[in-house]
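Going by the working numbering, the first residue of the sequence shown is number 41, and it counts up by one from there. Each remark here refers to the structure printed beneath this line.
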Amino acid sequence: MAALSALPFLSFIPEKKKPVDRYKKGLVLSTWNFGLKANAAAAITLQNGGKAVDMVEAAGREMESDLTELSIGLGGLPDREGHTTLDACIMNHEGKAGSVCFLEKIMHPVSVARAIMEKTPHVILVGDGAQQFAVENGFSKDNYVNPAAEKAWKEWLIKSEYKPVINIENHDTIGILAQDAIGNLSGACTTSGLAFKMRGRVGDSPIIGSGLYVDNEVGAATATGLGETILRSCSSFLIVELMRQGKSPQEACEEAIHRLVKINEHIIKIEDYQACFLACNTNGDVGAYSVHPGFTYAIWKDGKPEVLPSKSLLS
Ligand code: SD4
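Written out as structure tokens, the structure is:
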């Protein structure tokens, strides 16, 4: 059959997006040094023909499978009562999103988020309801407790002082952005949230628009750091909107950090929190910026893996 566009009277029908050279090798970005490992999993998925959404899910699962990791998945540091509770989300190139909050005893929250996105009319499921949905959809319950996380919690209980320290393990969510072989974008975020948080606390990471946002016509952004500061400023949505207005990913991340600092000015001292953003646009340009130095991100581009330091507002 002749291609539709070959028929003159139908020539206004847009061509379906085809792989073009610029996208052939794809792009993966992940927060922090450990993103290298996540990016490698996404790259393999791309090479096996996976779409952007498959790439970000594979990257998230890679990190969730590491049970020694103290800030992601079942090995993560617990809340004040000793329970590890997980937050994750995913967003695809069609603007579909799924999110899971306050999930316990399930190994792969990012995949539960994807199942919510694909199988339900909802965006967010939380707590027991999220766990019930997960089990009904074939995820098994897992009672794993990371001995190192349990030990850290017992030590924390001695003083019970809630004081997140910037740039250390309890600040290491993974946010992942990927562009596939046809240029589509997707993103995911997965975390055990802040260590020793109040029971029931949910951070920015699973909240669409705060910890993650993807708009396939513009770009994508993700965040890490003290979730409360990011939640107050809807940062990932803001970054994408700034890019829509013509800013580069770097300019958008910088402006979003300025806005976050201003919004949080009277709430928390700047020396007491870190907030970090990572973004890309549809051309594959990348931006990263944080309040304090110390934020790093992993990039996989043109087949080359690298970890780069982000610029920061303060030195
Ligand atoms: C949260 N934003 O739960 C997450 C924590 C984080 O690096 O990003 N740590 O607030």
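Where a beta carbon is used, it is the ideal one built from N, C-alpha and C, also for glycine.
- In this structure, residue 320 sits away from residue 330, with a CB-CB distance that is not shorter than 7 Å.
- Closest in C-alpha terms to residue 129, from the list 187, 242, 291, 178, comes 242.
- In the structure shown, the three-state DSSP call for residue 105 is coil.
- Excluding residues up to 5 positions away in sequence, 110, 111, 124, 189, 192, 193, 209, 210, 232, 235, 236 lie with their Cβ nearer than 8 Å to the Cβ of residue 117 in the same chain.
- Under the three-state reduction of DSSP, residue 340 is assigned to strand.
- For residue 157, the enclosing alpha helix (DSSP H) covers residues 149-159.
- For residue 219, no alpha helix (DSSP H) encloses it; the enclosing beta strand (DSSP E) starts and ends at 214-219.
- A residue is called buried once 16 or more other Cβ atoms fall within 10 Å of its Cβ, and residue 312, having fewer, is exposed.
- Contact between residue 218 and residue 66 is confirmed by a C-beta separation of about 7 Å, below the 8 Å threshold.
- Your pair residue 249 and residue 276 checks out as a contact, with CB atoms roughly 6 Å apart and the cut at 8 Å.
- In the three-state reduction of the DSSP assignment, residue 283 falls in the helix class, which pools H, G and I.
- With fewer than 16 other Cβ atoms from the protein chains shown falling within 10 Å of its own Cβ, residue 348 counts as exposed.
- 226 is the residue among 73, 306, 226 whose C-alpha sits nearest the C-alpha of residue 280.
- Relative to the ligand SD4, the beta carbon of residue 312 is positioned no closer than 6 Å to any heavy atom.
- For residue 267, the closest alpha carbon among the candidates 214, 221, 105 is that of 214.
- Going by DSSP, residue 85 is part of the alpha helix (DSSP H) stretching over 75-87.
- Within the chosen limit of 6 Å, the ligand SD4 does not reach the beta carbon of residue 124 with any heavy atom.
- Exclusion of residue 119 from the 6 Å shell around the ligand SD4 follows from its C-beta lying no nearer than that to any non-hydrogen atom of the ligand.
- At the C-beta level, residue 140 and residue 170 come within 7 Å of one another.
- In this model, residue 68 and residue 324 are separated by some 9 Å (Cα to Cα).
- Taking 6 Å as the cut-off, the C-beta of residue 265 counts as close to a heavy atom of the ligand SD4.
- Between residue 271 and residue 296, the C-beta gap is not smaller than 7 Å, which leaves the two residues out of contact.
- In this structure, the straight-line span from the alpha carbon of residue 183 to that of residue 121 is close to 16 Å.
- Around the beta carbon of residue 157, a 10 Å sphere encloses 16 or more other beta carbons of the protein chains shown; the residue is thus reported as buried.
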